[in-house]
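Quick note: the sequence shown uses the working numbering, first residue 145, plus one each step. Since the structure comes first, as structure tokens, the remarks are kept for the end.
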Amino acid sequence: MTVPRVHAVVLAAGKGTRMKSELAKVLHEAAGMPLVGWVMAALTKLDLADVCVVVGYQADEVRALLPEGVTTALQSDQHGTGHATQVALESLELSEGLGEGDVILVVLGDMPLLLPETLEAVIARHTEAAAHATILTTELGDPTGYGRIVRDGARVTAIVEDRDANDEQRSICEVNTSIYAFDAAALREALERVVRHNAQGEMYLTDVVAIMVEDGKDVVTLSGDAVEVMGVNSHDQLAEAAGELRRRINRRWMRDGVWMADPDRTYIEPSVTLAPGARIHPDVHLVGATVVDAGAEVGPSVYAEDSAIGPDSKVWYAVLRGASIGPGAQVGPYASLRPGAELLDESKAGTFVEVKASTIGHGSKVPHLSYIGDATIGEGSNIGAGTITVNYDGFAKHRTKIGARVKIGSDTMLVAPVEVGDDAYTGAGSVITEDVAPGALAVERSPQIEITGYAARREQRAREERD
145 MTVPRVHAVV LAAGKGTRMK SELAKVLHEA AGMPLVGWVM AALTKLDLAD
195 VCVVVGYQAD EVRALLPEGV TTALQSDQHG TGHATQVALE SLELSEGLGE
245 GDVILVVLGD MPLLLPETLE AVIARHTEAA AHATILTTEL GDPTGYGRIV
295 RDGARVTAIV EDRDANDEQR SICEVNTSIY AFDAAALREA LERVVRHNAQ
345 GEMYLTDVVA IMVEDGKDVV TLSGDAVEVM GVNSHDQLAE AAGELRRRIN
395 RRWMRDGVWM ADPDRTYIEP SVTLAPGARI HPDVHLVGAT VVDAGAEVGP
445 SVYAEDSAIG PDSKVWYAVL RGASIGPGAQ VGPYASLRPG AELLDESKAG
495 TFVEVKASTI GHGSKVPHLS YIGDATIGEG SNIGAGTITV NYDGFAKHRT
545 KIGARVKIGS DTMLVAPVEV GDDAYTGAGS VITEDVAPGA LAVERSPQIE
595 ITGYAARREQ RAREERD
């Protein structure tokens, strides 16, 4: 059997008014990726000659999300799915050309749950049946809003949209999913005969089926899973689709050896990488290019974006953005690591600690209540509670360098640029504005003054002021 060339058409031009949002429907995100991104991810796993995405509302924004090599066709005025498909065919003719026996696979851009295996099955069914049209259908308990598959016995005779259906047709539970495979030549010819005599005044792609049946052409169906072919038309459906996508993602990682205490409260984007043996607690959000290594314990309550969490480390009740956590390091609780934060092996950023554009050396600790910004800390150092690297002078950022085995006293202000040498100490409550030599103790304090009897005199003055 000759394998046909398959061209995919993605219909993504509409605004999606039922979303009640200014954002184009296919740009809404589910589980970390726009709806159209999920559809494109499924299509990239197929052996396709090319992919044409029909764009319209917010066309530039949709184009920006598409993979390299994908072509687009602009549907300036939206006159229905038939018109959109016609626009795509014209674009394919101009770019690739459509040959004898070529197949057009039509999918919607708002179906994030589509699996490549299902699309492959549609193409296989179409090819094996030598059909002119293949429709993916499904059965729904409540088919309201969907086009009904009308049959004469086993033979499909038409697809009737919900708005145009009569009472008998509305009782049909087999519905159209809007996923099709067409013979390219038959589709082109049928589209030229589609009229707009319907409630919407649009060119329905579904009318192509009735035209082909009338011409005696072969129309076949394939049954699909109702959940997988669910489209997104409202925010509640968006949340439902996102939940199913998260369950898929989490199931895959658990099967690959990742432990999760509560998968229903774990949010992992498709771009994240987890190693077998990683342990994920509830209310963890892993997004972007985040990587979690084996033995790492993440959560509860962690947001990590574009961050690397090393083996056997522990991160809990923390926010990480562009951070790198080394093997055996600890972060949290209640820590914030901003871009450029790097914790080396066995180091610690503890309770209410913020780190930005800084390296904390091997075995060094910033246990609590500190801000470390634009700094380098050597190995084995300890940063006392309340320490702040004063890195900004109102015009520019400056760096602080703390050596190895340094002991920074509690409530120390390190006014950058400044360097504290290896094995040095700073006294608690000091404001360090000059470099500290290796092994030295730097103390900067005013002499303590004690005023005897102050409380009694202050109370007497207050009484006199009241009187």
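Where is the CB? At the ideal position from N, CA and C, for every residue including glycine.
Spatial neighbours of residue i in its chain, beta-carbon cut-off 6 Å, leaving aside the 5 residues before and after
i, result
"A405", "H425 and P426"
"A217", "C196, V198, V231, A232 and S235"
"S554", "G528, A529, G530 and A572"
"V499", "L481, A485, A493 and I516"
"S590", "none"
"P407", "N394"
"H227", "M347"
"L558", "T533, T544 and I576"
"G454", "D437, I469, G470 and P471"
"L430", "I412, V416 and A448"
"G439", "G421, P455 and D456"
For residue j and residue i, believed in contact at Cβ under 8 Å, the rounded distance
i, j, result
"G547", "A568", "7 Å"
"S468", "A452", "5 Å"
"V319", "G360", "Between G360 and V319 the Cβ distance is about 25 Å, and since that is not below 8 Å, they are no contact."
"P256", "A174", "5 Å"
"V446", "R423", "Between R423 and V446 the Cβ distance is about 12 Å, and since that is not below 8 Å, they are no contact."
"E346", "R337", "Actually they do not touch by this definition, with Cβ atoms about 15 Å apart."
"A462", "A479", "4 Å"
"A473", "D489", "7 Å"
"V428", "T410", "5 Å"
"V250", "T229", "6 Å"
"V364", "I323", "Contact flag wrong, Cβ pair sits at about 13 Å."
"I355", "A334", "4 Å"
"V266", "V357", "Between V357 and V266 the Cβ distance is about 19 Å, and since that is not below 8 Å, they are no contact."
DSSP bridge partner residues for residue i (one or two, in chain order)
i, result
"I532", "Y515 and M557"
"T216", "V197"
"H429", "Y411 and Y447"
"E486", "S468 and T503"
"H151", "D194 and I248"
"V300", "R295"
"K545", "T520 and E563"
"A479", "A462"
"K631", "Outside the displayed span of the chain (145 to 611) sits residue 631, for which this structure offers no information."
"K169", "Beta-bridge pairing links K169 to no other residue."
"E441", "R423 and K458"
"E498", "S480 and Y515"
"V580", "V564"
"T570", "I552 and A586"
"A452", "V435 and S468"
"N526", "K509 and K551"
"A156", "V199"
"A174", "M177"
"I593", "BP columns for I593 are empty, so no partner."
"T278", "A325 and V364"
"V575", "M557"
Nonlocal neighbours in the same chain, by C-beta distance under 8 Å from residue i, ignoring five residues either side
i, result
"A274", "D362"
"E264", "L190"
"L695", "With the chain running from 145 to 611 in the structure shown, residue 695 is simply not present."
"W460", "H425, E441, V442, G443, P444, S445, V446, V475, G476 and P477"
Residue i, enclosing alpha helix (DSSP H) - first and last residue
i, result
"L284", "Looking at the DSSP string, L284 is not in any alpha helix (DSSP H), and its letter there is neither H nor E."
"V183", "L179 to L187"
"V402", "Element bounds for V402: n/a, residue is neither H nor E."
"L263", "P260 to E272"
"V416", "Careful: V416 lies outside any alpha helix (DSSP H) and carries neither H nor E."
"V376", "No alpha helix (DSSP H) holds V376; DSSP gives it neither H nor E."
"M163", "Segment: none, M163 is in no alpha helix (DSSP H) and carries neither H nor E."
"L604", "As written in the sequence, residue 604 is Gln, which differs from the Leu given in the question. Per DSSP, Q604 belongs to the alpha helix (DSSP H) from Y598 to R610."
"E312", "D311 to R314"
"D351", "D351 to E358"
First through last residue of the beta strand (DSSP E) which encompasses residue i
i, result
"V319", "E318 to D327"
"V206", "Per DSSP, V206 belongs to no beta strand (DSSP E); it is in the alpha helix (DSSP H), A203 to A208."
"V363", "V363 to S367"
Cβ-based neighbour list, residue i, same chain, cut-off 7 Å, excluding 5 preceding and 5 following
i, result
"A560", "D518, T533, V534, N535, H542, R543 and T544"
"R332", "L233"
"K159", "A168, K169 and Y201"
Beta carbon proximity, residue i to chain D, threshold 8 Å
i, result
"L481", "Absent from the structure is chain D; it holds one protein chain and no more."
- Message: Contact between the segment 358–369 and the segment 147–157 is defined here as three or more beta-carbon pairs at a separation below 8 Å; is this criterion met?
- Response: no
- Message: Measuring CB atoms only, is the segment 169–189 touching the segment 276–289, in the sense that at least three cross pairs come out at less than 8 Å?
- Response: no
- Determine, using beta-carbon pairs with one atom in the segment 372–384 and one in the segment 292–307, whether at least three such pairs fall under 8 Å. no
- Message: With a threshold of 8 Å, are at least 3 pairs of Cβ atoms found where one atom belongs to the segment 157–173 and the other to the segment 241–249?
- Response: no
- Message: With a threshold of 8 Å, are at least 3 pairs of Cβ atoms found where one atom belongs to the segment 568–585 and the other to the segment 594–611?
- Response: no
- Message: Under 8 Å, with one C-beta from each stretch per pair, do the segment 395–404 and the segment 203–222 reach the 3-pair mark?
- Response: no
- Task: For the segment 186–194 and the segment 384–396, state whether three or more C-beta atom pairs, one from each stretch, are separated by less than 8 Å.
- Result: no
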